[in-house]
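Enquirer: Sending over a structure as structure tokens; questions will come in a sec.
Protein chains in written order, with the numbering used here: chain B, 1 to 499; chain W, 1 to 575.
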């Protein structure tokens, strides 16, 4: 068989390694074989390709040294940084929140785990494990980590020496330039050179190729020049409306913290491409980010209308139902996920919880057992925590205690488990331990109001009114609508003024 | 809402130091142009003045010797033209001014002097005893609870070097014990006319109330109270029937009628000190120190209480006869004056300072004028608009608004109904399965728990003799990280010692600058932080777990273990 044909076949079957080998052999024979060269660049790119459009995590540098924010005090509902008081949102007492005060999402994707840290100290602290640790900048983080794999696999130096490349020569040849650009951008992760090539290429085709404009925008985006990125994308869309461009433009606006504008762009895209799930998902995510759960769920449902296998949509809707007191509906959605072949700890854990709260007791514990057997180090803590909740639900305090301890054993920083252990210790009358646990809990997770309040209530009983007052104030900071904390503060204030 | 008041005068730097009791409005020249009379407390120790404002200009000033405690105007004769007199209470005296000239000084009847005290000073006068003996004797008297004269009290306050001079200066003067006026009001004598002759009603520091005859200045009636009066409200006619409502320093309000000699019969006991008392018709309004406005019937029955946003500074009745309007003005410490009609808040006036003096009445030629003085010394005059209407709206009536809000309770779905059906049909089987699973789970959990305990894989110690808690944090972005280990002794009273902290890590990946930390004795309840730096040796973006062990010397098994997932070192990106 013609080796070139075979290489193509491998490439299309995504067997990039093999494709790469054949191309290398071809290039050894004839170093000027342009087709082999182009295929090899594409194969190498394919190995490390990341969908650029998908959400990326904001790095510490972007967040702490953000100079793109337009308004420091945005009006509620217009900024992702300070989500407004959303409608249709269950209170914080029902649905737990992340660091940033946003409800926990039903689907883990970059950017959902933790919000913007308030201070540098918070930013560089990595209280949880490495898998949620924030990269310094988004330009390094994920891209470097993925890129390193190829660096290791080519010990005898890079395939293309960028420093010796004559960009203007390649820019004039569109058949090679595009492959080369992707190679530089994805494989080498050298945005500056990629930008140079792209700008030369777009000039070479008299600014008539929308593709180059999108690539320029990508480069600008990576370099943090969002306004330039925006103008390139707008001009690309004018030339040729593509889903990719709309998605990218939406992403740029999200980064510029203009969520409503991003929604507009997505909607504009939907007019051209009705039923495009990626655009619908984009809108849903923004609504979720703005704490507008009702709207988010509406769009997720639209997504399901067009693609009924969309995992993210199913998971998010299920979570919403679970936290709005309809566990039986959530159970149905999770079962759908199970039928689709998702088989992991998180799903079984959620199924178990739904079964328990929907009173389907015979399946509850089986689900948790499955979850435990599938769990690894990072997830078993949460599974134990949830089993502890079931134990509390059936009144088995001893079992609950053991479960929370197990949760802590597998995840040393499980703040919720610390809090619950504190309550259990308090009920046993071990005041000092309870105090220590509450303290540990709120140090680990200052965004949770429960440990603050529990600590305040305990300190109040012990007569340490000053600590109680401070803790209660922190609880109210974390959750403005917490009535018990407010009452405690009121009580303490009265106490202070009486003296 | 447009204001119901017109700004007539505005002087934030009038440098007045006065209170509601020391403000009055009177037509002192009988020319139909009402003047504002203010007893200014000056600096609080000297420079006290009686100031008369004609319109907004200071017309005349008279020095007052002591701090004024009350100013009233009253008609003391039937002469034409009808010019009222001004009475200024100050110390034990009442100074009467007529036509802006000092007219008469009334002194309160002196009180009886303790016999022994009298004799002591008598002896001191003849130099029979020296000053130190005098002092000791007086001191003895005072500690016996005897009421002494001002001279003796002053004498006791002095340093021993000044005693001689003081005694020599004062011993020849006759000894007098006088009281101090605390409050002052007027009571019409026999006619209810506007310009009828009035008696003065005086409350004093020796718990008495005197009613004085305006022509002869003799005490007509004396009433003794259980406590010192601070506010008096008077109505009725002396010769017919009158009623005095007196609020006292012991937090009680007494009602006195004509003929009653002591006022403890009708008594309202307040739960806080009164800061103002007014009476409108048959109800008594009391502002208290606990930020409440309370209302009582004249029989002493509590009608209602309103909680105010802040503390009350002063109160005054607004009696606007052209409109038959009788409301209560309550000045608050948040720069507002609230106007209450019954228990309804009908208006709020914002002011530029905390109002301490309020007076409403005729000023100049205008009937409805509100005069305010502020704590900062300002003088403000507002005129009530003739078009102003005060509607009483009961904000409290009916159920609270939140009661009508619908709570968003999701409807029970059909799915739920189906599931409950299943539950009902298979209740026994479900229960059995659950119980079996539960036993299995308990067993499983107990096993894992024991395993974890055996390995000491817990960040909390399970050993009752060494109750410890560990938490560890990693800070930094690499290649150097800072590891902070927090240890806390969670026992109540038992300190822990001989602890060692060490680490388990891949030495190809990480290098610890401090691999071995000796912990000091841990005092219960305190948090101890131990820090070490970690260098990441690998540049390939690989990370690993690091274990922290807390060991007790002499034991091979760690007491507690913490597992830390190290973040990826970002050095690669920077390089």
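By construction, the Cβ of each residue, glycine as well, lies at the ideal position given by its N, Cα and C atoms.
From residue 519 (chain W) to residue 487 (chain W), what does the alpha carbon distance come to, in whole angstroms?
Expert: 9 Å
Enquirer: Any chance the region 206-215 of chain B sits against the region 228-247 of chain B, with 3 or more Cβ pairs inside 8 Å?
Expert: yes
Enquirer: Against residue 528 (chain W), what residues of chain B qualify as contacts under a CB-to-CB distance less than 9 Å, listed in chain order?
Expert: The premise fails here: residue 528 (chain W) is roughly 12 Å from chain B at the closest Cβ pair, so nothing lies under 9 Å.
Enquirer: Straight-line CA distance for residue 141 (chain B) to residue 257 (chain B)?
Expert: Annotation note: pLDDT 43 at residue 141 (chain B) (below 50); position unreliable, coordinate value reported separately. The straight-line gap from Cα to Cα measures roughly 21 Å.
Enquirer: Using a Cβ cut-off of 8 Å, pull out every chain W residue sitting near residue 419 (chain B), in sequence order please.
Expert: Chain W residues near residue 419 (chain B): none, gap ~13 Å exceeds 8 Å.
Enquirer: How many angstroms separate the CA atom of residue 372 (chain W) from the CA atom of residue 15 (chain W)?
Expert: 13 Å
Enquirer: Would you mind giving the Cβ-Cβ distance between residue 337 (chain B) and residue 314 (chain B), rounded to the nearest angstrom? I have them listed as a contact below 8 Å.
Expert: 6 Å
Enquirer: Let me make sure I understand the geometry here. Which of B:488, B:491, B:449 has the alpha-carbon closest to that of residue 480 (chain B)?
Expert: B:449
Enquirer: Of the choices W:107, W:336, W:5, whose alpha-carbon is the least far from that of residue 91 (chain W)?
Expert: W:107
Enquirer: Along the beta strand (DSSP E) that carries residue 481 (chain W), what are the first and last residues, could you check?
Expert: Judged by DSSP secondary structure, residue 481 (chain W) falls within the beta strand (DSSP E) whose first and last residues are 480-489.
Enquirer: Given a limit of 9 Å on CB to CB distance, which residues of the region 331-348 of chain B reach chain W?
Expert: 331, 332
Enquirer: Note down the Cα distance separating residue 290 (chain B) from residue 476 (chain B), rounded to an integer number of angstroms.
Expert: 21 Å
Enquirer: Taking 8 Å as the limit between beta carbons, can you name the residues of its chain near residue 242 (chain W), skipping five residues before and five after?
Expert: 187, 234, 235, 236, 257, 258
Enquirer: I want to verify the contact list: residues of chain W whose CB lies under 8 Å from the CB of residue 444 (chain B), in sequence order.
Expert: 471
Enquirer: Run through DSSP, which three-state label would residue 147 (chain B) get?
Expert: Reliability fails at residue 147 (chain B), whose pLDDT of 43 lies under 50, so the model's placement of it is uncertain and the value that follows must be treated cautiously. Helix at residue 147 (chain B).
Enquirer: Which residues, in chain order, does the region 454-465 of chain W contribute to contact with chain B at a C-beta distance below 9 Å?
Expert: 455, 457, 458, 459, 460, 462
Enquirer: State the DSSP-derived secondary structure class of residue 116 (chain B), mapped to helix, strand or coil.
Expert: Note that residue 116 (chain B) has pLDDT 49, beneath the 50 cutoff, so the model's placement of it is unreliable and the number below is only indicative. Three-state result, residue 116 (chain B): coil.
Enquirer: Starting from residue 322 (chain B) and walking both ways along the alpha helix (DSSP H), at which residues does that stretch end?
Expert: 311-323
Enquirer: Can you tell which of B:188, B:46, B:171, B:267 has its C-alpha closest to the C-alpha of residue 549 (chain B)?
Expert: There is no way to answer for residue 549 (chain B), as the model of chain B reaches only from 1 to 499.
Enquirer: Quick one: what's got a C-beta closer than 6 Å to residue 476 (chain W)'s C-beta in the same chain, skipping five residues either side?
Expert: 482
Enquirer: Residues of the region 350-362 of chain B in Cβ contact with chain W at a cutoff of 8 Å, in chain order, please.
Expert: 358, 359, 360, 361, 362
Enquirer: Applying a beta-carbon distance threshold of less than 8 Å, which residues of chain W neighbour residue 409 (chain B)?
Expert: Neighbours of residue 409 (chain B) on chain W, chain order: 452, 457, 458, 459.
Enquirer: What are the boundary residues of the alpha helix (DSSP H) that residue 225 (chain B) is part of?
Expert: That residue, residue 225 (chain B), is in no alpha helix (DSSP H); it is neither H nor E in DSSP.
Enquirer: Closest Cβ-Cβ distance between residue 413 (chain W) and chain B: below 8 Å?
Expert: yes
Enquirer: Starting from residue 266 (chain B), trace the alpha helix (DSSP H) in both directions and tell me its first and last residue.
Expert: 259-272
Enquirer: Are the Cβ atoms of residue 548 (chain W) and residue 562 (chain W) separated by less than 8 Å?
Expert: A contact, by the Cβ cut-off of 8 Å.
Enquirer: What does residue 535 (chain W) touch in chain B if you count any residue whose Cβ is under 9 Å from its own?
Expert: Result: empty, since nearest Cβ-Cβ is about 16 Å, beyond 9 Å.
Enquirer: Which residues in the same chain as residue 284 (chain B) place their Cβ atom closer than 6 Å to its Cβ, once the five residues preceding and following it in sequence are excluded?
Expert: 296, 299, 300
Enquirer: Taking only runs that begin and end inside the region 112-180 of chain W, name each unbroken alpha helix (DSSP H) of 4 or more residues, in chain order.
Expert: 115-125, 131-143, 150-157, 163-170
Enquirer: Taking the beta carbon of residue 395 (chain B) as the centre, do at least 16 other beta carbons fall within 10 Å, making it buried, or is it exposed?
Expert: exposed
Enquirer: For residue 198 (chain B) and residue 173 (chain B), what's the separation of their Cα atoms in angstroms?
Expert: 12 Å
Enquirer: Do you know whose CA, among W:94, W:406, W:360, lies nearest residue 384 (chain W)'s CA?
Expert: W:360
Enquirer: Classify residue 76 (chain W): buried if its beta carbon has 16 or more other beta carbons within 10 angstroms, exposed otherwise.
Expert: By the neighbour-count rule (16 or more Cβ atoms within 10 Å), residue 76 (chain W) is buried.
Enquirer: Taking buried to mean at least 16 other C-beta atoms within 10 Å of its own C-beta, is residue 457 (chain B) buried or exposed?
Expert: buried
Enquirer: Between the C-alpha atoms of residue 490 (chain W) and residue 524 (chain W), what's the straight-line distance to the nearest angstrom?
Expert: 6 Å
Enquirer: Within the same chain, show all residues whose beta-carbon is closer than 8 Å to that of residue 48 (chain W), passing over the 5 residues directly before and after it, in chain order.
Expert: Within the same chain, Cβ atoms closer than 8 Å to the Cβ of residue 48 (chain W) are found at 39, 40, 41, 42, 63, 64, 65, 66, 67, 68, 90, the five residues on either side in sequence being excluded.
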